[in-house]
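Asker: Before I ask anything, here is the structure I am working with.
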Amino acid sequence: MEPNFFERVYLAVRQIPRGKVASYGQIAAILGHPQAARTVGWALNALSGAQAEEVPWQRVINSAGRISISRADLSADIQRARLEAEGVEFDARGYIDWKRYGWAGLEWAEVEALWGSGA
DNA sequence: GCCCTGACTGCTA
DNA sequence: TTAGCAGCCAGGG
92 MEPNFFERVY LAVRQIPRGK VASYGQIAAI LGHPQAARTV GWALNALSGA QAEEVPWQRV
152 INSAGRISIS RADLSADIQR ARLEAEGVEF DARGYIDWKR YGWAGLEWAE VEALWGSGA
């Protein structure tokens with residue numbers, strides 16, 4: 092039984108190492124749908140309480156290297172604060188340096204393997 | 001099963 | 001990099 096799209100998104104996001112960031116499109120690509128970036132954002136948007144604690148959603152930003160959240164409970168401020176706490180720095184304009192903090196990503200097969208191993 | 005929405009992306013100017 | 005525009009995917013009503 093394969094996990095549904097949302098679960099896959101969470102699994103992939105959970106593989107992002109501390110201090111690194113990935114873009115929505117990158118996550119979507121790992122899942123096999125490079126064009127489903129919006130759906131990835133939608134999946135993270137659907138994160139609730141407990142799951143929000145397990146999934147490092149703050150490490151997912153847009154392709155411009157910037158946070159693009161506009162919600163009250165999970166605000167851009169919170170995301171930025173969490174990332175800075177992990178050592179990720181923002182420039183004066185609020186952008187992240189992809190060269191320094193960009194995540195190389197994984198193959199879905201690898202993520203799937205981790206899922207299978209109970210990770 | 002159709003229609004709308006959305007934490008996006010790539011292309012063009 | 002920024003602004004504007006259209007395309008893509010999956011879930012919810």
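Residue numbers for the first sequence follow our numbering, beginning at 92 and rising by one. Virtual Cβ for every residue (Gly too), placed ideally from N, Cα, C.
In angstroms, rounded to a whole number, what distance separates the CA positions of Phe181 and Val131?
Answerer: About 23 Å.
Asker: Which one or two residues does DSSP pair with Ser114 in a beta bridge?
Answerer: Bridge partners of Ser114: Ile152.
Asker: Could you check what DSSP says for Arg215 in three-state terms: helix, strand or coil?
Answerer: Because residue 215 is not part of the residues shown, which for the chain are 92 to 210, the question remains open.
Asker: According to the neighbour-count rule (16 or more other Cβ atoms, all chains shown, within 10 Å of its Cβ), is Pro147 buried or exposed?
Answerer: Flag for Pro147 reads buried.
Asker: Would Ala137 and Ile118 be called neighbours here (beta carbons separated by less than 7 Å)?
Answerer: Against a cut-off of 7 Å, the Cβ pair of Ile118 and Ala137 comes out as no contact.
Asker: Assign Ser114 to one of two classes, buried (16 or more other C-beta atoms within 10 Å of its C-beta) or exposed (fewer than that).
Answerer: It counts as buried.
Asker: Mapping the DSSP letters down to three states, classify Arg173 as helix, strand or coil.
Answerer: Correct three-state label for Arg173: helix.
Asker: On a CA-only basis, which of Glu145, Val151, Ala141 is nearest Ala128? Give me that one, please.
Answerer: Per the Cα distances, Val151.
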